[in-house]
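K.L.:
The following block contains the structure, expressed as C-alpha coordinates.
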Amino acid sequence: MADLITTLWNCWNSRNKFIFKGQIDKAQSIWEKASNLSSEFRIYNPMNPPILAQIEDIKKWERPANGTIKINFDAMVNENRMGYTVIIRDEDGFVLGGGGGFHEGNFFVLEAECIALERSIEVADKINVRGNVTLETDNAELANKWNIGDEDITIIGSRVKNCKEALSLFNSANLVWSHRSCNRVADLICTKMCREAKRWFFDMDYPKDIHNSVINDII
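The sequence shown begins at 42 in our numbering and counts up one residue at a time.
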(Lines of atoms letter the chains of each structure in order from A and count residues from 1; the text may use other names and numbers.)
(Lines give C-alpha, C1' and ligand atoms only; values in the text may rest on other atoms or scores of the structure.)
Protein backbone atom coordinates (compact mmCIF):
# COMPACT_ATOMS: atom_id res chain seq x y z
CA MET A 1 0.00 0.00 0.00
CA ALA A 2 2.83 2.39 0.86
CA ASP A 3 4.40 1.82 -2.60
CA LEU A 4 1.08 2.55 -4.31
CA ILE A 5 0.49 5.75 -2.34
CA THR A 6 3.99 7.12 -2.94
CA THR A 7 3.73 6.33 -6.67
CA LEU A 8 0.34 8.06 -6.96
CA TRP A 9 1.62 11.06 -5.01
CA ASN A 10 4.60 11.43 -7.35
CA CYS A 11 2.33 11.13 -10.41
CA TRP A 12 0.13 13.87 -8.98
CA ASN A 13 3.17 16.03 -8.24
CA SER A 14 4.49 15.52 -11.78
CA ARG A 15 1.09 16.53 -13.19
CA ASN A 16 1.17 19.76 -11.17
CA LYS A 17 4.69 20.55 -12.40
CA PHE A 18 3.49 20.14 -15.99
CA ILE A 19 0.40 22.32 -15.47
CA PHE A 20 2.01 25.14 -13.49
CA LYS A 21 5.63 25.08 -14.69
CA GLY A 22 5.49 23.33 -18.04
CA GLN A 23 8.00 20.73 -16.85
CA ILE A 24 7.61 17.15 -18.06
CA ASP A 25 8.98 14.32 -15.92
CA LYS A 26 9.94 11.03 -17.54
CA ALA A 27 8.07 7.96 -16.32
CA GLN A 28 11.35 6.45 -15.07
CA SER A 29 12.06 9.62 -13.07
CA ILE A 30 8.62 9.49 -11.44
CA TRP A 31 9.08 5.85 -10.53
CA GLU A 32 12.58 6.43 -9.11
CA LYS A 33 11.41 9.29 -6.90
CA ALA A 34 8.58 7.12 -5.60
CA SER A 35 10.97 4.23 -5.02
CA ASN A 36 13.41 6.40 -3.05
CA LEU A 37 10.62 7.85 -0.92
CA SER A 38 9.25 4.38 -0.24
CA SER A 39 12.70 3.12 0.79
CA GLU A 40 13.10 5.99 3.24
CA PHE A 41 9.60 5.32 4.60
CA ARG A 42 10.47 1.69 5.32
CA ILE A 43 13.51 2.76 7.30
CA TYR A 44 11.62 5.19 9.52
CA ASN A 45 8.23 3.49 9.73
CA PRO A 46 7.86 2.26 13.34
CA MET A 47 4.93 -0.04 12.37
CA ASN A 48 7.10 -2.42 10.34
CA PRO A 49 10.46 -4.11 10.99
CA PRO A 50 13.22 -1.90 9.55
CA ILE A 51 14.92 -2.98 6.33
CA LEU A 52 18.14 -1.43 7.57
CA ALA A 53 19.36 -0.98 11.10
CA GLN A 54 18.16 2.32 12.49
CA ILE A 55 20.74 4.76 13.78
CA GLU A 56 19.22 7.10 16.32
CA ASP A 57 20.43 10.36 17.82
CA ILE A 58 23.54 10.57 15.67
CA LYS A 59 24.30 14.15 14.73
CA LYS A 60 27.79 13.76 13.32
CA TRP A 61 30.07 11.45 11.39
CA GLU A 62 30.66 8.25 13.34
CA ARG A 63 34.20 6.98 13.84
CA PRO A 64 34.90 3.53 12.35
CA ALA A 65 36.33 0.62 14.30
CA ASN A 66 40.02 0.67 15.21
CA GLY A 67 42.20 0.00 12.22
CA THR A 68 39.38 0.76 9.77
CA ILE A 69 39.21 3.51 7.16
CA LYS A 70 35.83 5.05 6.42
CA ILE A 71 34.90 6.21 2.92
CA ASN A 72 31.88 8.51 2.74
CA PHE A 73 30.44 9.24 -0.68
CA ASP A 74 27.45 11.15 -1.99
CA ALA A 75 25.78 12.34 -5.17
CA MET A 76 23.48 15.20 -6.12
CA VAL A 77 21.28 15.57 -9.19
CA ASN A 78 19.71 18.65 -10.74
CA GLU A 79 17.97 19.18 -14.07
CA ASN A 80 21.03 18.86 -16.32
CA ARG A 81 23.98 17.87 -14.15
CA MET A 82 25.06 15.54 -11.38
CA GLY A 83 27.77 16.03 -8.78
CA TYR A 84 29.56 13.37 -6.79
CA THR A 85 32.09 13.31 -3.99
CA VAL A 86 34.15 11.05 -1.75
CA ILE A 87 36.01 11.77 1.47
CA ILE A 88 38.27 9.22 3.15
CA ARG A 89 39.09 9.39 6.87
CA ASP A 90 40.83 7.19 9.41
CA GLU A 91 39.51 6.07 12.80
CA ASP A 92 40.50 9.41 14.38
CA GLY A 93 38.72 11.47 11.74
CA PHE A 94 41.86 12.65 9.97
CA VAL A 95 41.34 13.20 6.25
CA LEU A 96 43.45 10.88 4.10
CA GLY A 97 42.10 12.09 0.78
CA GLY A 98 39.05 12.60 -1.33
CA GLY A 99 37.65 14.42 -4.28
CA GLY A 100 34.62 15.16 -6.34
CA GLY A 101 33.40 16.05 -9.77
CA PHE A 102 30.43 16.39 -12.06
CA HIS A 103 28.87 15.04 -15.24
CA GLU A 104 26.61 16.96 -17.58
CA GLY A 105 23.33 15.35 -18.58
CA ASN A 106 20.22 13.87 -17.04
CA PHE A 107 20.76 11.29 -14.33
CA PHE A 108 18.50 9.36 -12.01
CA VAL A 109 19.35 9.62 -8.33
CA LEU A 110 20.26 5.95 -7.96
CA GLU A 111 22.45 6.08 -11.07
CA ALA A 112 24.29 9.11 -9.66
CA GLU A 113 24.80 7.39 -6.30
CA CYS A 114 26.21 4.35 -8.09
CA ILE A 115 28.67 6.58 -9.96
CA ALA A 116 29.72 8.10 -6.62
CA LEU A 117 30.32 4.58 -5.28
CA GLU A 118 32.47 3.72 -8.30
CA ARG A 119 34.48 6.93 -7.96
CA SER A 120 35.00 6.37 -4.23
CA ILE A 121 36.73 3.05 -4.92
CA GLU A 122 38.86 4.69 -7.62
CA VAL A 123 39.95 7.52 -5.29
CA ALA A 124 40.75 5.06 -2.49
CA ASP A 125 42.92 3.10 -4.92
CA LYS A 126 44.60 6.30 -6.12
CA ILE A 127 45.76 7.24 -2.60
CA ASN A 128 46.80 3.63 -1.98
CA VAL A 129 44.23 2.61 0.62
CA ARG A 130 44.65 -1.12 1.21
CA GLY A 131 43.46 -1.88 4.75
CA ASN A 132 40.05 -2.53 6.26
CA VAL A 133 37.43 -0.25 4.73
CA THR A 134 33.86 0.79 5.48
CA LEU A 135 31.95 2.54 2.68
CA GLU A 136 29.12 4.73 3.95
CA THR A 137 26.12 6.05 2.01
CA ASP A 138 22.99 7.91 3.02
CA ASN A 139 21.03 6.50 0.08
CA ALA A 140 18.77 3.69 1.29
CA GLU A 141 18.03 2.32 -2.17
CA LEU A 142 21.71 1.88 -3.00
CA ALA A 143 22.26 0.13 0.34
CA ASN A 144 19.36 -2.19 -0.47
CA LYS A 145 20.85 -2.91 -3.91
CA TRP A 146 24.12 -3.81 -2.22
CA ASN A 147 22.40 -6.21 0.15
CA ILE A 148 20.36 -7.96 -2.57
CA GLY A 149 23.51 -9.43 -4.08
CA ASP A 150 23.62 -11.52 -7.26
CA GLU A 151 19.82 -11.81 -7.39
CA ASP A 152 19.62 -8.23 -8.70
CA ILE A 153 19.76 -8.47 -12.51
CA THR A 154 19.17 -4.76 -13.21
CA ILE A 155 21.80 -2.51 -14.82
CA ILE A 156 22.48 -0.79 -11.50
CA GLY A 157 22.61 -4.18 -9.81
CA SER A 158 25.29 -5.26 -12.28
CA ARG A 159 27.32 -2.12 -11.60
CA VAL A 160 27.04 -2.65 -7.85
CA LYS A 161 28.27 -6.23 -8.35
CA ASN A 162 31.30 -4.88 -10.24
CA CYS A 163 31.99 -2.53 -7.33
CA LYS A 164 31.93 -5.46 -4.93
CA GLU A 165 34.48 -7.27 -7.08
CA ALA A 166 36.69 -4.15 -7.08
CA LEU A 167 36.78 -4.26 -3.28
CA SER A 168 39.37 -7.03 -3.56
CA LEU A 169 41.82 -4.11 -3.48
CA PHE A 170 41.28 -3.92 0.28
CA ASN A 171 41.92 -6.35 3.12
CA SER A 172 38.21 -6.23 3.93
CA ALA A 173 35.35 -3.97 2.93
CA ASN A 174 31.64 -3.48 3.50
CA LEU A 175 28.98 -0.90 2.74
CA VAL A 176 26.64 0.55 5.36
CA TRP A 177 23.78 3.01 5.41
CA SER A 178 23.84 6.06 7.66
CA HIS A 179 21.62 9.05 8.27
CA ARG A 180 22.29 12.11 6.09
CA SER A 181 23.48 14.03 9.17
CA CYS A 182 26.45 11.63 9.35
CA ASN A 183 27.44 12.46 5.78
CA ARG A 184 27.63 16.25 6.00
CA VAL A 185 31.14 16.78 4.64
CA ALA A 186 30.47 14.62 1.59
CA ASP A 187 27.15 16.41 1.07
CA LEU A 188 28.88 19.81 1.31
CA ILE A 189 31.50 18.93 -1.31
CA CYS A 190 28.91 17.27 -3.54
CA THR A 191 26.70 20.36 -3.56
CA LYS A 192 29.67 22.53 -4.51
CA MET A 193 30.76 20.21 -7.32
CA CYS A 194 27.27 20.11 -8.80
CA ARG A 195 26.43 23.80 -8.54
CA GLU A 196 29.82 25.12 -9.65
CA ALA A 197 30.72 22.35 -12.13
CA LYS A 198 34.02 21.72 -10.36
CA ARG A 199 36.42 18.80 -10.03
CA TRP A 200 38.58 18.19 -6.98
CA PHE A 201 41.15 15.66 -5.94
CA PHE A 202 43.06 16.02 -2.69
CA ASP A 203 45.12 14.03 -0.24
CA MET A 204 45.70 14.98 3.40
CA ASP A 205 46.06 18.63 2.38
CA TYR A 206 42.33 19.07 1.85
CA PRO A 207 40.64 22.34 0.67
CA LYS A 208 40.01 25.06 3.25
CA ASP A 209 36.37 25.20 2.09
CA ILE A 210 35.57 22.06 4.08
CA HIS A 211 37.88 22.58 7.07
CA ASN A 212 35.23 23.70 9.55
CA SER A 213 32.89 20.84 8.65
CA VAL A 214 35.69 18.28 9.00
CA ILE A 215 36.67 19.62 12.42
CA ASN A 216 33.07 19.80 13.65
CA ASP A 217 32.61 16.13 12.77
CA ILE A 218 35.36 14.94 15.12
CA ILE A 219 35.01 17.35 18.06
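Backbone N, C-alpha and C define an ideal beta-carbon position, used for all residues, glycine too.
All of these numbers come straight from a predicted model, not from anything done at the bench.
Using the rule of at least 16 other Cβ atoms within 10 Å of the residue's Cβ for burial, across every protein chain shown, is residue 145 buried or exposed?
P.N.:
Taking the first residue of the sequence shown as 1, we reach residue 145 at position 104. With fewer than 16 other Cβ atoms within 10 Å, it is exposed.
K.L.:
Could you work out which residue in 242, 245 and 191 is closest to residue 206 when comparing CA atoms only?
P.N.:
Residue mapping note: residue 206 aligns to position 165 of the sequence shown, counting from 1. Answer by Cα proximity: 191.
K.L.:
Suppose the cutoff is 8 Å on Cβ atoms and the five residues either side in sequence are ignored; what does the same chain contact list for residue 288 look like?
P.N.:
With the chain represented from 42 up to 260, any question about residue 288 goes unanswered, as that position is not in the structure.
K.L.:
Can you grab the Cα-Cα spacing for the pair residue 60 / residue 148, in whole Å?
P.N.:
Counting from 1 along the sequence shown, the entry for residue 60 is found at position 19. Counting from 1 along the sequence shown, the entry for residue 148 is found at position 107. Distance between the alpha carbons of residue 60 and residue 148: 23 Å.
K.L.:
Helix, strand or coil for residue 200? Go by DSSP, reduced to three states.
P.N.:
Reading the sequence shown from its first residue, position 159 is the one you call residue 200. Correct three-state label for residue 200: helix.
K.L.:
Could you pull the DSSP bridge partners for residue 144 from this structure?
P.N.:
Taking the first residue of the sequence shown as 1, we reach residue 144 at position 103. Partner(s): 123.
K.L.:
Return the chain-ordered list of same chain residues with a C-beta closer than 6 Å to the C-beta of residue 130, the five sequence neighbours on each side being excluded.
P.N.:
Here residue 130 refers to the residue found at position 89 when the sequence shown is read from its first residue. Excluding sequence neighbours, residue 130 sits near 111 and 136.
K.L.:
Let me know the secondary structure DSSP gives residue 234 once reduced to three states.
P.N.:
If you number the sequence shown from 1, residue 234 lands on position 193. Note: residue 234 maps to helix in three-state DSSP.
K.L.:
Compare the Cα-Cα distances from residue 247 to each of 128, 121 and 105 and report the closest residue.
P.N.:
Your numbering for residue 247 matches position 206 in the sequence shown. Ranking 128, 121 and 105 by Cα distance to residue 247 puts 128 first.
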